[in-house]
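Scroll down for the structure; my scribbles are underneath it.
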Amino acid sequence: MNGILNGKGKEYYSNGNLRYEGEFLNCKLNGKGKEYYCNGNLRYEGEFLNGKLNGKGKEYFKTGKIKFVGKYTNGERNEKP
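For the sequence shown, the numbering used here begins at 6 and goes up steadily by one.
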């Protein structure tokens, strides 16, 4: 709306591969979504807040193997029990 991304949507890399699919608020990743590497593999699936990883999520290596499962706070892994 008026050039501002709000609601569900998708972003693409310049090579045409999907970069992100999920929710936006004021042009920032916000809510649930999936982020992809430029090779098309899933990089992260989970929650975002103000463009940063925030809440529950899963992070993946470029190979597709799971790197981390847990909570994120302000873009950082929260590895405390």
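By construction, the Cβ of each residue, glycine as well, lies at the ideal position given by its N, Cα and C atoms.
Item: Burial state of E84, where buried means 16 or more other Cβ atoms lie within 10 Å; Value: exposed
Item: Best match in E81, Y65, K72, N22 for proximity to G56 [C-alpha to C-alpha]; Value: E81
Item: Three-state secondary structure (DSSP) of K69; Value: Looking at the sequence itself, residue 69 is Gly, so the reference to Lys does not match. Coil at G69, not helix or strand.
Item: Continuous beta strand (DSSP E) stretch holding G38: start and end; Value: 33-41
Item: Reduced DSSP secondary structure (H/G/I, E/B, other) of E84; Value: coil
Item: Y77 versus E28: straight-line alpha-carbon distance, rounded; Value: 17 Å
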